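Below is one structure, written out as structure tokens; the observations come after it.
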Amino acid sequence: MATARAAWKGFLKIGSVSCGVKIVGAVTEAEKIHFRILNRKDGLPVKSAYVDEETGDIVDAEDQIKGFEAEKDEFIHIEPDEIKKIKLVSQHTLEVDEFVSIADIDTRYLEKPYYLVPADGASLEAFAVIRDAMARKKVAARSCVVLYQRGREVLIQPFGKGMLLTELRTHDEMISAETVFKDLKARKVDPEMAEIAELLIEKKPAKFDPSKFEDTYENALIAMIDAKRKGKKPPKPAPRPKTNVVDLTSILRNSLAQEGGKAATRAKSSARSRKRA
Numbered sequence: 152m153a154t155a156r157a158a159w160k161g162f163l164k165i166g167s168v169s170c171g172v173k174i175v176g177a178v179t180e181a182e183k184i185h186f187r188i189l190n191r192k193d194g195l196p197v198k199s200a201y202v203d204e205e206t207g208d209i210v211d212a213e214d215q216i217k218g219f220e221a222e223k224d225e226f227i228h229i230e231p232d233e234i235k236k237i238k239l240v241s242q243h244t245l246e247v248d249e250f251v252s253i254a255d256i257d258t259r260y261l262e263k264p265y266y267l268v269p270a271d272g273a274s275l276e277a278f279a280v281i282r283d284a285m286a287r288k289k290v291a292a293r294s295c296v297v298l299y300q301r302g303r304e305v306l307i308q309p310f311g312k313g314m315l316l317t318e319l320r321t322h323d324e325m326i327s328a329e330t331v332f333k334d335l336k337a338r339k340v341d342p343e344m345a346e347i348a349e350l351l352i353e354k355k356p357a358k359f360d361p362s363k364f365e366d367t368y369e370n371a372l373i374a375m376i377d378a379k380r381k382g383k384k385p386p387k388p389a390p391r392p393k394t395n396v397v398d399l400t401s402i403l404r405n406s407l408a409q410e411g412g413k414a415a416t417r418a419k420s421s422a423r424s425r426k427r428a
């Protein structure tokens, strides 16, 4: 198997300790369905192009320039060389600013994962010392790095023989949960319903196993494409689920009964005990 290409090479620096590292992408889109845009008239592929908004003429790559709209229709021109001249420490060094407890990480802020590995054999020992110390203390390191010409806040944590580096969303990107949940009214849950729901949960224990994850939309696309290739009718769409919350207790009991009779019997027995009490 070919060695994965590094997205970044530099140094991991903690105080006076540093070692050479490289960042390798942990996500691939290779297995995803990708569509080309075709001309409906002749069935041939078309390509996108930048056009002048006023004249409609195609603008060649050498005539394109980045622009920041400071005021309405007033742009500040930014040359590629001007962007390259912005020198940041994070372009070449993952300098650790602080360590945080892994238990305190808010997973809403985790965005895109990468693998972090030693850059060469000479860096292996220092890398292992840092990784193992972080694993024993159960902490992750917070740092920042320039990837694909953008500064990104990242979190680094031990992961097997290497480490996992994850891009972080900024606080400004996050919508406050209080804003979304503010209209939800507190409601007292019926103890019997709560117990039945807990028993239903107990009937479906599992370990977190991503190998069993399934992209049902992607599978439906593949099935449709395969049917069209063979000249067959596409599969029928899945029926919309019916909702019925008139008697939630009965729905929960029926669902529990389908999962296993013993658990349902326990729920009924518990309910009778509460009524006698």
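Everything in the sequence shown is counted per this note's numbering, starting at 152 for the first residue and increasing by one. Virtual Cβ for every residue (Gly too), placed ideally from N, Cα, C. It should be emphasised that the depicted structure is a prediction, and the values quoted were computed from it without experimental measurement.
Determine the direct distance from the alpha carbon of V175 to that of K235, and round the result to whole angstroms.
-> Approximately 22 Å between the Cα atoms of the pair.
Return the residue from the list E180, L319 and K164 that minimises the CA-CA distance to R301.
-> L319
By Cβ distance, which residues of its chain are closer than 7 Å to R259, with the 5 residues on each side in sequence left out?
-> For R259, where only same-chain residues beyond five positions count, the Cβ hits under 7 Å are M325.
Beta-carbon gap between K289 and I253 smaller than 8 Å = It is a contact, given that the beta carbons lie within the stated cut-off.
For I281, I'd like the list of residues in its chain whose CB is within less than 8 Å of its CB, leaving aside the five on either flank, ordered along the chain.
-> Excluding residues within five positions, the ones whose Cβ falls inside 8 Å are L163, I165, V168 and C170.
Just reading off the beta strand (DSSP E) that M314 is part of, what are its end residues?
-> G313 to L319
With which residues is Y265 paired in a DSSP beta bridge?
-> G176 and L316
Residues of its chain near A221, where Cβ-Cβ distance is below 8 Å and the 5 sequence neighbours each way are ignored = Taken in chain order, the residues that qualify are I227.
Where does H243 fall in DSSP's three states?
-> The answer is coil: DSSP assigns H243 none of H, G, I, E or B.
Let me know the alpha helix (DSSP H) ranges lying completely inside the region 270 to 306, each 4 residues or longer, listed in chain order.
-> 275 to 288
Sequence-distant residues of the same chain with beta carbon closer than 6 Å to H243, five excluded per side = Counting only Cβ-Cβ distances below 6 Å, and skipping sequence neighbours, we find G161.
Of the residues K217, A284 and I347, the one placed nearest Y201, counting alpha carbons only = K217
Where does F364 land, buried or exposed, given buried means 16+ other C-beta within 10 angstroms?
-> exposed
Report all residues from its chain with a CB closer than 7 Å to the CB of S294; omit the five preceding and five following residues, and keep chain order.
-> L245, E246, V247, D248, V305 and I307
Quickly, what does DSSP pair K217 with across the bridge? List them, please.
-> I229
When DSSP builds the beta bridges, which residues end up paired with S169?
-> Looking at the DSSP assignment, S169 forms a beta bridge with K164.
Is the region 261 to 280 touching the region 326 to 333 in the sense that three or more CB pairs, one from each, lie closer than 8 Å?
-> no
Among D341, E204, R187 and D203, which one has its Cα closest to the Cα of V197?
-> Selected option, being the one with the closest Cα: R187.
Under a Cβ-count criterion, where at least 16 other Cβ atoms within 10 Å of its own Cβ denotes burial, should P356 be classed as buried or exposed?
-> exposed
Going by C-alpha distance, which of G313, D257, I256 and D271 is nearest A284?
-> G313
First and last residue of the beta strand (DSSP E) that includes F250?
-> E249 to S252
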